[in-house]
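Just so we're aligned, residue -8 is where the sequence shown starts under this note's numbering, counting upward by one.
Even glycine gets a Cβ: it sits at the ideal position worked out from N, Cα and C.
Written below as structure tokens is the structure these notes are about.
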Amino acid sequence: MDDESAVIIQEEEEALSLQRKEPPRIHRLEESVVNRIAAGEVIQRPISAVKELVENSLDAGSTSISVVVKDGGLKLIQVSDDGHGIRYEDLPILCERHTTSKLSAFEDLQTIKSMGFRGEALASMTYVGHVTVTTITEGQLHGYRVSYRDGVMEHQPRPCAAVKGTQIMIENLFYNMAARRKTLQNSADDYSKIVDVISRFSIHHTKVSFSCRKHSAARADVHSVATCSRLDAIRSVYGVAVARDLMEVAASDDDPSGSIFKMDGYISNSNYSAKKTVMVLFINDRLVECSALKRAIEVVYAATLPKASKPFIYMSIVLPPEHVDVNVHPTKKEVSLLNQESIIENIQTAVELMLRNSNTSKTFHTQTVCPSTAGSLGSSRNTQLSPSKDGSRSQKVPVNKLVRTDSLDPSGRLHAYLQVKPPRQPEGKTDLTTVRSAVRQRRNPKESADLTSIQELLNDIDGNCHSGLLEVVRHCTYIGMADDVFALLQHNTRLYLANVVNLSKELMYQQVLRRFAHFNAIQLSEPAPLPELLMLALKEEDLDPECSENDDLKEKIAEVDWEDEKNCFQTVSAALGNFYAMHPPLLPNPSGDSLQCYKKGTKHDDIKNGRNSPNKLENDAVMKDEYDNELLSEAETAWAQREWTIQHVLFPSMRLFLKPPNSMATNGTFVQVASLEKLYKIFERC
Ligand code: ADP
Ligand code: MG
-8 MDDESAVIIQ
2 EEEEALSLQR
12 KEPPRIHRLE
22 ESVVNRIAAG
32 EVIQRPISAV
42 KELVENSLDA
52 GSTSISVVVK
62 DGGLKLIQVS
72 DDGHGIRYED
82 LPILCERHTT
92 SKLSAFEDLQ
102 TIKSMGFRGE
112 ALASMTYVGH
122 VTVTTITEGQ
132 LHGYRVSYRD
142 GVMEHQPRPC
152 AAVKGTQIMI
162 ENLFYNMAAR
172 RKTLQNSADD
182 YSKIVDVISR
192 FSIHHTKVSF
202 SCRKHSAARA
212 DVHSVATCSR
222 LDAIRSVYGV
232 AVARDLMEVA
242 ASDDDPSGSI
252 FKMDGYISNS
262 NYSAKKTVMV
272 LFINDRLVEC
282 SALKRAIEVV
292 YAATLPKASK
302 PFIYMSIVLP
312 PEHVDVNVHP
322 TKKEVSLLNQ
332 ESIIENIQTA
342 VELMLRNSNT
352 SKTFHTQTVC
362 PSTAGSLGSS
372 RNTQLSPSKD
382 GSRSQKVPVN
392 KLVRTDSLDP
402 SGRLHAYLQV
412 KPPRQPEGKT
422 DLTTVRSAVR
432 QRRNPKESAD
442 LTSIQELLND
452 IDGNCHSGLL
462 EVVRHCTYIG
472 MADDVFALLQ
482 HNTRLYLANV
492 VNLSKELMYQ
502 QVLRRFAHFN
512 AIQLSEPAPL
522 PELLMLALKE
532 EDLDPECSEN
542 DDLKEKIAEV
552 DWEDEKNCFQ
562 TVSAALGNFY
572 AMHPPLLPNP
582 SGDSLQCYKK
592 GTKHDDIKNG
602 RNSPNKLEND
612 AVMKDEYDNE
622 LLSEAETAWA
632 QREWTIQHVL
642 FPSMRLFLKP
652 PNSMATNGTF
662 VQVASLEKLY
672 KIFERC
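As structure tokens, then:
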């Protein structure tokens, strides 16, 4: 049967099967199609090609790597190195798929140290661009140059003059992928992405000198010289302003039953100020991303530093090669780690400690700990946790009354009970002592105001305290936020929902009264224009500002009963309590139903509440994701920070100070949602 009739028969079959509504035939894709699809995955943008080429140069033991880019990489990407070069006899298969010098057996993957191993990068580049390789190996008089298309050489390698190493040039990237070329042509930021990646490589591989420039430019945009000092490298690439505000950080773990790793790096201190987090992360010398770790560190910054600055982070994590699965992502951008959670937590602790130590004067803003006080606890990280050694907990308890969480651990997370480790932070002690004495000082009754009205109000609080709720507040375990307003708590065998806005309002009110007249004075450089501010406030409250005349306002001020001291102080305290209460952030919670608010096309102004960001919509047009990532990340940080503060600041302070009023038992502030005994009855029936 000739080709033509075969095609006719196939078409007839297809038409028939359509009529009969049969499943479509499965056929084998042509290899060139398969290869181009695969190549498009490996080389997604010019930056992916640059990263692969630089990694090849590093694998080749280079000490100098230079990158030249034209048209954001679409016209030309050229990477030259002084590495070991490529043998003449390997050139014919160099750009075939799955040809590599770095891996032979699958088991080698477990211990692989080189960055490449799939033998796919060069091949992919030849399917989506024109690749020319010039290389010379040691001891040769001349080098060779050869061009490739679709995995194969276009001609025999030609002898040529060459300096030590290899130069790989890709021209006309995505020449055969019109759609991708078009989207990339419209986006202006590929060159800056390339500069960013070279900057990252250069602060990690300090022994290698890197340069990166545009084809037409005489000056390089990144230029690093080999140095022994990481800080020098950071200074030369990211600038003095960044390097000045960095501190060294390290963490490690060598517990074979937990995690084994070593981390060292540099993180920004409290003086550093930036709108965007820069996180340069290397795991076993691979430049990777780990959003979980990034977020974990951002949360610590957001909660520890009063200034809402995003951090600069450089971290190098080393762990046994067999604990890293490098093969989870086609471009090796993400890796998966054994015991990732415990590693992240460990690093988070180290970062938190550094930040607190560097920022001791501001530590009290987040007042977290008072480990010496029974039933009260701040951050689990700074505290000796030893539930299993706690005598009160070793008594035999019927199983349906067995409480597995521990109010001594505010985090209430399970792994804390599975594994009890002594804290390894002797440096933390000074910090704890200062915090302890600060808390003690605040509890000192002498501090409260010497005013009968305040005393009466405080007595009212004591007299109106609900003893059952007091017990719950003192000894509950915080489990997590159930929604924007309610936190889930466990107390003995019961679960409660508690309204954190009401609780924090009340706590702040009580604290204001307790410390009345003992707040630090705030000296304003210029005295505040009180009369004007009062007018503003009154106008704001006025429902009908049009007809509010001065006389009215004066009358209103006169209405305040300045004679009734008790009433006056109570309202002031209540207003302050309301001001400092843990209201939900203004931006809607992105982890709930409100996520769609952050979709492109949503009217940002509706949710931004007057934030001024004039270029926002323009920037959005350039960004490719369907969500407004900048706003989304701002919201995520705000919510994460609030949750962190609820867990580590509000609850520990409540345990110490809150006297819950009787009204809270009935006004919906506390709602019991389950009791273990009853649940047991239900499960017993199952
Ligand atoms: P991989 O890096 O996964 O092995 P690549 O397609 O990136 O696959 O490269 C294929 C092979 O080409 C490498 O294994 C290496 O032997 C060789 N090679 C690529 N780039 C260079 C270079 N700059 N210097 C020396 N050898 C290189
Ligand atoms: Mg490679």
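Separation of residue j from residue i, as counted between CA atoms
| i | j | result |
| --- | --- | --- |
| Y305 | V240 | 9 Å |
| A211 | Y229 | 14 Å |
| A294 | I335 | 17 Å |
| R27 | L175 | 18 Å |
| T657 | H457 | 11 Å |
| G63 | P37 | 7 Å |
| E313 | E625 | 36 Å |
| V45 | E13 | 50 Å |
| F303 | S248 | 32 Å |
| D397 | D619 | Here D397 scores only 44 on pLDDT, less than 50, and its place in the model is too uncertain to base an answer on. |
| H195 | S349 | 24 Å |
| A114 | A30 | 8 Å |
| G156 | I17 | 47 Å |
| F201 | S57 | 6 Å |
| I637 | C588 | 25 Å |
| F661 | A566 | 22 Å |
| F355 | T340 | With a pLDDT of 36 at F355, under the threshold of 50, the modelled position of that residue is not reliable, and the figure given next carries that caveat. So the two alpha carbons sit approximately 18 Å from each other. |
| G76 | I161 | 17 Å |
| S92 | L284 | 33 Å |
| P576 | E634 | 11 Å |
| A152 | Y135 | 8 Å |
| A112 | V70 | 14 Å |
Option nearest residue i by Cα separation, candidates the options
| i | options | result |
| --- | --- | --- |
| S666 | S644, D212, L504 and H482 | H482 |
| G659 | F477, H509 and T484 | F477 |
| G107 | S333, T443, V342 and A51 | A51 |
| R286 | A631, P651 and Q131 | A631 |
| Y692 | D72, H89 and K66 | Limits of the chain in this structure are -8 at one end and 677 at the other, which puts residue 692 out of reach. |
| N490 | L578, F642, D453 and V122 | F642 |
| Q663 | V269, Y487 and C219 | Y487 |
| V563 | P148, V503 and Q35 | V503 |
| T717 | S207, S654, H214 and R204 | Because residue 717 is not part of the residues shown, which for the chain are -8 to 677, the question remains open. |
| K205 | L85, R633 and V59 | V59 |
| P581 | E554, A572, L622 and Y571 | L622 |
| E87 | S138, V143, Y257 and T157 | V143 |
| E43 | Y166, Q561 and R277 | R277 |
| H639 | A528, D441, A519 and V291 | V291 |
| Y118 | S516, S138 and V271 | S138 |
| E22 | A473, S207 and D141 | D141 |
| L678 | K669, E556 and I452 | It is not possible to answer for residue 678, since the shown part of the chain is limited to -8 through 677. |
The alpha helix (DSSP H) enclosing residue i, as first and last residue numbers
| i | result |
| --- | --- |
| D187 | D181 to H195 |
| N450 | T443 to G454 |
| G459 | S458 to H466 |
| G74 | Segment: none, G74 is in no alpha helix (DSSP H) and carries neither H nor E. |
| Q636 | For the sequence presented, residue 636 should be read as Thr rather than Gln. Per DSSP, T636 belongs to the alpha helix (DSSP H) from N620 to T636. |
| A29 | E22 to V33 |
| S51 | One detail in the question is off: residue 51 reads as Ala in this sequence, not Ser. That residue, A51, is in no alpha helix (DSSP H); it is neither H nor E in DSSP. |
The ligand ADP heavy atom lying under 7 Å from the CB of residue i
| i | result |
| --- | --- |
| E111 | yes |
| L164 | no |
| G31 | no |
| I161 | no |
| A51 | yes |
Residue i: CB within 7 Å of a non-hydrogen atom of the ligand MG
| i | result |
| --- | --- |
| E43 | yes |
| E87 | no |
| E239 | no |
| E332 | no |
| G74 | no |
| N275 | no |
Residue span of the beta strand (DSSP E) that contains residue i, given as start and end
| i | result |
| --- | --- |
| D245 | L237 to D245 |
| K159 | Inspection of the sequence shows that residue 159 is occupied by Ile rather than by Lys. Here the beta strand (DSSP E) through I159 covers G156 to E162. |
| D648 | Looking at the sequence shown, residue 648 is not Asp but Phe. From DSSP, F648 is part of no beta strand (DSSP E) but of the alpha helix (DSSP H) over F642 to F648. |
| Q481 | F477 to H482 |
| Y305 | F303 to V309 |
| L488 | R485 to N490 |
| D276 | Premise fails: D276 is in no beta strand (DSSP E) and is neither H nor E. |
| I251 | I251 to S259 |
Chain B within 8 Å of residue i, Cβ atoms only
| i | result |
| --- | --- |
| D99 | Of the chains in the structure shown, none is chain B; there is only one protein chain. |
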